[in-house]
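A.B. asks: The structure under discussion is supplied below as structure tokens; questions concerning it will follow.
Protein chains: 2
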Amino acid sequence: MPFDEEDVQLATRIKALGHPARLAIVRALLGAPDGACRCRDIVRDLPLAQSTVSQHLKVLREAGIIRGEIEGPRSCYWLDTQALAEVGEAMGGFQRAVAAKTAEPVGACE
Amino acid sequence: MPFDEEDVQLATRIKALGHPARLAIVRALLGAPDGACRCRDIVRDLPLAQSTVSQHLKVLREAGIIRGEIEGPRSCYWLDTQALAEVGEAMGGFQRAVAAKTAEPVGACE
DNA sequence: AAACTTCATCGTAATTTTACGATGGAGCAG
DNA sequence: CTGCTCCATCGTAAAATTACGATGAAGTTT
Chain A
147 MPFDEEDVQL ATRIKALGHP ARLAIVRALL GAPDGACRCR DIVRDLPLAQ STVSQHLKVL
207 REAGIIRGEI EGPRSCYWLD TQALAEVGEA MGGFQRAVAA KTAEPVGACE
Chain B
147 MPFDEEDVQL ATRIKALGHP ARLAIVRALL GAPDGACRCR DIVRDLPLAQ STVSQHLKVL
207 REAGIIRGEI EGPRSCYWLD TQALAEVGEA MGGFQRAVAA KTAEPVGACE
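First to last, the protein sequences are chains A and B. If you want the numbering used here, it's the 1-based position in the first sequence plus 146. If you want the numbering used here, it's the 1-based position in the second sequence plus 146.
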């Protein structure tokens, strides 16, 4: 895959967020009143089997979006705020570029 | 898939952006000096077969990120600025929520 | 010790994604 | 009309994703 290494990582992170369940997980982590943890609650709130949720957590972990401590029974996850902010930054860049363009509509098309 | 319809659409759009090639396509469209079009140039700039690029364009089109006119030879694509801005907005929301949290670090974990 | 809860992981299956070459349609150039 | 370029689509194949249930490890409770 001849693509920029940095782009591949960004794409991986974006892709990790591209699933309703994982979106829900990130929101749950964001909304956690304590620092950021949680886990069995996530399973309880999602309409998915426990093993499937665990798998989604793994995807997010491998993409670097979240971090986790897997000690014994109660595991614990929290957001990698840096990584999430980086993705947000990239998207914000798109949004800003789009805003700058919206003045000049389509242009050369036919 | 018992998920909120709105979340499914958002996830689909995010997912569509989660591939280096499609990221490159969006950037090319953003960087186009004319309004927004282009097509053979995209193929030329990507290290992928023409049919593969066409498929990526289809993914972006079906996710609502881009729109296109497929008249005869020179097809033409442009960004759905609204849709892209919406994704950016959702991500920006994450970024902002993260920024509000960064003061209070981890919290309840062990 | 025995039972229970909380998870990660494994095995499995169905579906989707990714990528290519081949094919064929549509317009343009000769 | 013939050939050319541009591109969507089809057929195909390999790999990844998504989702379950089953299993078993690691603490906790009784």
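Virtual Cβ for every residue (Gly too), placed ideally from N, Cα, C.
Alpha carbon to alpha carbon, how far is A:Glu-208 from A:Thr-227?
C.D. replies: Those two C-alpha atoms are separated by around 15 Å.
A.B. asks: Let's test the definition: count the other Cβ atoms within 10 Å of the Cβ of B:Ile-164 and tell me whether it reaches 16, buried, or not, exposed.
C.D. replies: Here the sequence assigns Gly to residue 164 of chain B, which means Ile is not the residue at that position. With 16 or more other Cβ atoms within 10 Å, it is buried.
A.B. asks: Let me know the alpha helix (DSSP H) ranges lying completely inside the region 183–254 of chain B, each 4 residues or longer, listed in chain order.
C.D. replies: Segments of the alpha helix (DSSP H) lying fully in the region 183–254 of chain B: 186–191, 196–208, 227–247.
A.B. asks: Cα separation between A:Leu-225 and B:Thr-198?
C.D. replies: Each residue's alpha carbon lies about 34 Å from the other.
A.B. asks: Sort B:Glu-235, B:Gly-238, B:Phe-149, B:Ala-246 by Cα distance to A:Leu-194 and report the nearest one.
C.D. replies: The residue with the shortest Cα to Cα distance from A:Leu-194 is B:Phe-149.
A.B. asks: Is A:Arg-159 buried or exposed, if buried means 16 or more other CB atoms sit within 10 Å of its CB?
C.D. replies: It counts as buried.
A.B. asks: For B:Gly-239, count neighbouring C-beta atoms within 10 Å of its own C-beta (all shown protein chains included) and say buried if the count is 16 or more, exposed if not.
C.D. replies: Exposed, because fewer than 16 other Cβ atoms sit within 10 Å of the Cβ of B:Gly-239.
A.B. asks: Classify A:Gly-177 as helix, strand or coil using the three-state DSSP reduction.
C.D. replies: A:Gly-177: helix per DSSP, three-state reduction.
A.B. asks: Of all the options B:Lys-247, B:Pro-166, B:Ala-157, which has the alpha carbon lying nearest to the alpha carbon of A:Ala-231?
C.D. replies: Considering only alpha carbons, the answer is B:Lys-247.
A.B. asks: Over the uninterrupted alpha helix (DSSP H) stretch that includes A:Asp-150, give me the two end residues.
C.D. replies: No alpha helix (DSSP H) contains A:Asp-150, which DSSP labels as neither H nor E.
A.B. asks: Quick test of your reading: A:Ile-211 and A:Ala-162, contact by CB under 8 Å. State the CB separation rounded to the nearest angstrom.
C.D. replies: That pair is a contact at about 5 Å.
A.B. asks: Compute the distance between the beta-carbons of B:Ala-157 and A:Pro-166, then report whether it is under 7 Å.
C.D. replies: Yes; because the gap between Cβ atoms is below 7 Å, this pair is in contact.
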